[in-house]
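Remarks on the structure that follows.
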Amino acid sequence: MELFSYFRSSAAYRVRIALNLKGLDHQITGVNLLEKAHKSDDYLAINPQGLVPSLRTSEGNIVTQSPAILEWLEENYPEKPLLPEDSFERAKVRSWCYQIACDIHPICNLRVLKYVSSDLNGGEKGKLQWIQHWIREGFSALEQQLDTGRYCNGDTISLADVYLIPQVFNALRFNVDMTDFPRIRSIYEACNQLTAFIDAQPENQKDAS
Ligand SMILES: N[C@@H](CCC(=O)N[C@@H](CS)C(=O)NCC(=O)O)C(=O)O
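Here the sequence shown is numbered in this note's numbering, starting from 1 and rising by one per residue.
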């Protein structure tokens, strides 16, 4: 499998974690967002949205959108499941994932931040204020819901951890004050002791573009 990834993309980071947790052989191809490689004809032919990540499966099919990629991995490689067996527990984990993927991440990605800082004249200060506000609002709700235990859903790693850790990485990168989120901080530390998470960290993407 081939994952088209940018090292700092939190959506791509999710998929890197899941591929590692499932122990799947893959190669990473860097798509440098700052150099606009995601807008090149070659990459747009792979992903017409011009976003990372995209996954080329071993059969040569392209899957885009990290939630679709993660579901595809879960369906095709169920041996190390990332969703609980019980349907209510599964719904809980999915709800946490979507709070991040639908309600926090999309309004804090590169093109939105550029729009806020340049088109709306927010500058660097406005951009930071925007990102810190929306991440804090999302994390405040999540903090109250996450189970007690080592990870988001008790002591078993789930897709919720796969979504949460890259979002926390982003929060730290943009100096979000994490004082009010002890559960989230402790899950972040616990996950980052596992090889699958360490190997997926942005600084460990070998093709660091
Ligand atoms: N919903 C998409 C979001 C993908 C996305 O926004 N990727 C960002 C990086 S995290 C990107 O490619 N941004 C390029 C841009 O904003 O121009 C997914 O989960 O795959």
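Every residue, glycine too, gets a C-beta built ideally from N, C-alpha and C.
query	result
Neighbouring residues (CB closer than 7 angstroms to any heavy atom of ligand 1)	Tyr6, Ser9, Ser10, Ala11, Ala12, Leu33, His38, Gly50, Leu51, Val52, Pro53, Thr64, Gln65, Ser66, Pro67, Ala101, His105, Pro106, Asn109, Leu110, Arg111
Nearest-angstrom Cβ-Cβ length linking Ala200 and Ile46, presumed shorter than 8 angstroms	No, Ala200 and Ile46 are not in contact; Cβ-Cβ is about 21 angstroms, not under 8 angstroms.
Reduced DSSP category for Arg14 - H, G, I as helix; E, B as strand; rest coil	helix
Gly123 - partner residues in DSSP beta bridges	BP columns for Gly123 are empty, so no partner.
Any alpha helix (DSSP H) of 4 or more consecutive residues that is wholly inside the segment 131-182	159-173
Nearest residue (CA-CA) to Gly149, options Arg183, Lys125, Glu124, Arg173	Arg183
Residue range of the unbroken alpha helix (DSSP H) whose run includes Lys198	Note on identity: in this sequence residue 198 is Ile, with Lys being the wrong assignment. Ile198 -> alpha helix (DSSP H) spans 195-200.
Proximity of Val31 and Ile69 at Cβ, strictly below 7 angstroms	no
Segment contact flag, the segment 185-199 with the segment 93-104, C-beta cutoff 8 angstroms, min 3 pairs	no
Residues that DSSP places opposite Ser5 in a beta bridge	Gly30
Which of helix, strand or coil DSSP assigns to Val116	helix
Cα-Cα separation between Arg90 and Leu82, rounded to whole angstroms	9 angstroms
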